[in-house]
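Asker: Got a structure here, written out as structure tokens. Questions coming.
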């Protein structure tokens, strides 16, 4: 027999009566496509789950039971989340013999707005405007609600408020912190400083942000103090990887003291130095800097940089001064004996800059920044979105070497075999 319609498919399926009736209810949705059919079928399954749960609590409908704890009490209409919208459905009700309403865990799950908020956040961060959400709503075979611009905006605000709260309240006591990277991004003429932790096994974890007019020492100090208050552990020593900001270095030293080692970003240094040079001289100087920063022996690399600075003194004194500034901090990781891919990962701020890049992408369509809180909400959501795509640090297999070297350098009397021994 040739099947030409959804109804014909139901007829020839050879299903039991109950299943046939249920399938007949959703067969029409097949005409709107597989997604709509699946959604309609899912609603049928949900109704069955609700019925089974209520039956397990109060017993079969109309059954004469001894010591019945409750009774069936008709149906009521409610809304459940389906795809990126809400749909109205009828659900069974029950009441206990003492008059209380029977709460169904199944219903609470399906009616929760968490999934709807997640969809809204994902679309907003992907650049879908609030007024366009209705245009990208999935066809589910039934009429939906909660797709208006105002509804989408409310849900996004609620979801990003939660994202910001989760990020700023994240408990850090369980993190085996090895490396801390700090950088900032400008959002509508205000600087948001962000922090990223790399753990002893190479996992990247966004841990905080702070809003200020500039990337100054006060703001960064407050950010670091907040991390410590939330349990950031640094008694074993910590490696801070920073860009060229003096404010960042000052704050790290103030909060972590002798337990901190500081590695300045070599890529920032190279860009800063060649920025003072004529265009035709930049490539040659940049190559010399790259070779010097890659030296296995940090003493040789430091000497090569100082030699270059002396050669730049006469023709380009500002370039020479830029090179000398904080030069020793360029070789901190090399001095720990770190080599290969891990050294490349820890001598620049690419990890935190990658996170910032995702934040910029997710906020790219925002035209009107109303408040500082709005900025923090969006950036927090972007940081957590970036975390979803993180992979472990390149060269992470050698992280135990780094952890032990940091501890040896900052705690000379301790030689741990692993992180736990110095915790």
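Residue numbers (our numbering): 1 to 423.
The beta carbon of each residue, even a glycine, is placed where N, CA and C say it ideally should be.
Just so it is clear, the structure is predicted and the values come from calculations on it, not from any experiment.
1) Between 59, 66 and 79, which lies nearest to residue 46 when the distance is taken from Cα to Cα?
2) Could you tell me whether the Cβ atoms of residue 207 and residue 249 are closer together than 8 angstroms?
3) Hey, residue 240 and residue 180 are a contact pair by Cβ (cut 8 angstroms); roughly how many whole angstroms apart?
4) Near residue 334, which residues of its chain fall below 6 angstroms by C-beta distance, leaving aside the five closest residues on each side in sequence?
5) Take the Cβ of residue 376 as the centre, count every other Cβ of all protein chains shown within 10 Å, and call the residue buried at 16 or more, exposed below.
6) Which word fits residue 336, buried or exposed, when buried means at least 16 other C-beta atoms lie within 10 angstroms of its C-beta?
7) From the DSSP output, read off the bridge partner residues of residue 378.
8) With distances taken from CA atoms, which of 252, 225, 260 and 247 is nearest residue 236?
9) Could you tell me which residues DSSP pairs with residue 342 in its beta bridges?
10) Per DSSP, what are the beta-bridge partners of residue 406 in this structure?
11) Looking only at its chain, what residues have a beta carbon closer than 7 angstroms to the beta carbon of residue 320, apart from the 5 residues adjacent to it on each side?
12) Opposite residue 424 in the DSSP bridges: which residues?
13) What would DSSP say about residue 66, mapped onto helix, strand or coil?
14) Using only the alpha-carbon positions, how far apart do residue 145 and residue 159 sit?
15) Are the CB atoms of residue 182 and residue 242 within a distance shorter than 8 angstroms?
16) Taking the C-alpha atoms as reference points, what is the distance between residue 403 and residue 339?
17) On the criterion of 16 or more Cβ atoms from any shown chain inside 10 Å, does residue 380 qualify as buried, or is it exposed?
18) Can you name, in chain order, every residue of its own chain whose Cβ lies under 8 angstroms from the Cβ of residue 348, other than the five neighbours on each side?
19) Check the C-beta distance from residue 294 over to residue 305 and give it rounded, since I have them as a contact under 8 angstroms.
20) If you draw a straight line from the C-alpha of residue 315 to the C-alpha of residue 369, how long is it?
21) Does DSSP classify residue 347 as helix, strand or coil?
22) Using beta-carbon positions only, say whether residue 50 and residue 104 come within less than 8 angstroms of one another.
23) Which of the three DSSP states, helix, strand or coil, is assigned to residue 177?
24) Alpha carbon to alpha carbon, how far is residue 289 from residue 282?
25) If you run the structure through DSSP and keep just helix, strand and coil, what is residue 183?
26) Along the beta strand (DSSP E) that carries residue 196, what are the first and last residues, could you check?
27) Considering only their Cβ atoms, is the gap separating residue 359 from residue 382 smaller than 8 angstroms?
28) Would you say residue 75 and residue 90 are within 8 angstroms of each other, going by their C-beta atoms?
29) Exposed or buried, which one is residue 284 when buried takes at least 16 other CB atoms within 10 Å?
30) Could you have a look at residue 263 and say whether DSSP puts it in helix, strand or coil?
31) Give me the residue from 174, 350, 395 and 44 with the minimum Cα distance to residue 231.
32) Between which two residues does the alpha helix (DSSP H) carrying residue 291 extend?
33) Distance, Cα to Cα, residue 385 vs residue 211?
34) Can you list, in chain order, the residues of its chain with a C-beta nearer than 7 angstroms to that of residue 226? Leave out the 5 residues immediately preceding and following it.
35) What is the residue span of the alpha helix (DSSP H) that residue 205 lies within?
36) Give me the DSSP bridge partner(s) of residue 71.
Answerer: So, from the data block:
1) 79
2) no
3) 5 angstroms
4) 298
5) buried
6) buried
7) In DSSP, residue 378 forms no bridge with anything.
8) 260
9) DSSP lists no partner for residue 342.
10) For residue 406, which the question treats as bridged, DSSP gives no partner whatsoever.
11) 309, 312 and 313
12) Residue 424 cannot be examined here, being either before or after the span of the chain that is shown, 1 to 423.
13) coil
14) For residue 145, the predicted structure reports a pLDDT of 46, less than 50, and the residue's modelled location is therefore unreliable. A value from the coordinates is still provided. Taking the straight line from one Cα to the other gives about 18 angstroms.
15) yes
16) 14 angstroms
17) buried
18) 241, 265, 266, 267 and 268
19) Actually they are not in contact, since the Cβ atoms of residue 294 and residue 305 sit about 12 angstroms apart, beyond 8 angstroms.
20) 45 angstroms
21) coil
22) yes
23) strand
24) 11 angstroms
25) strand
26) 190–199
27) yes
28) yes
29) exposed
30) strand
31) 174
32) 279–293
33) 19 angstroms
34) 208
35) Looking at the DSSP string, residue 205 is not in any alpha helix (DSSP H); the run it does join, the beta strand (DSSP E), is 204–212.
36) 95
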